[in-house]
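Numbering (my numbering), first residue to last: 815 to 940.
This is the structure in structure tokens:
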């Protein structure tokens, strides 16, 4: 058995398409992916772990340019851990604000649902 996971295996594991995996590599979010003797990509565990983090960053609205900045910092070595921490803390603050806004919006929707249920309940008792 060859080392590493195929594009299809990583796609199944991450929920990303093969096209998206290649795009992540092309834009520099992933390090170049090694290839087997037939030229097929073989993803390492660290690639899959990075993809897991990147998909979480993206799902929470982090712009690709900030994701790239984070990856650049990782590649530069451990001397910039404080800068990485600051970047992640800033994004966390943004995500918490979004959650708060969503909770506020959900409360409005819940009030509307309660109101419409009340209308329907009143109609059924008539």
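Backbone N, C-alpha and C define an ideal beta-carbon position, used for all residues, glycine too.
Review point. Do you know how far the Cα of residue 854 is from the Cα of residue 911?
Key: 42 Å
Practice item. Can you check DSSP and say which residues form a bridge with residue 859? Key: Residue 859 pairs with nothing; no bridge assigned.
Check your understanding: In chain order, what residues of the same chain lie with their CB nearer than 6 Å to the CB of residue 898, ignoring the 5 residues before and after it?
Key -> 887
Review point. For the candidate residues 846, 909, 894, whose alpha-carbon lies nearest to that of residue 871?
Key: 909
Exercise for review: Figure out for me which residue from 900, 924, 868, 922 has the closest Cα to the Cα of residue 829.
Suggested key: 868
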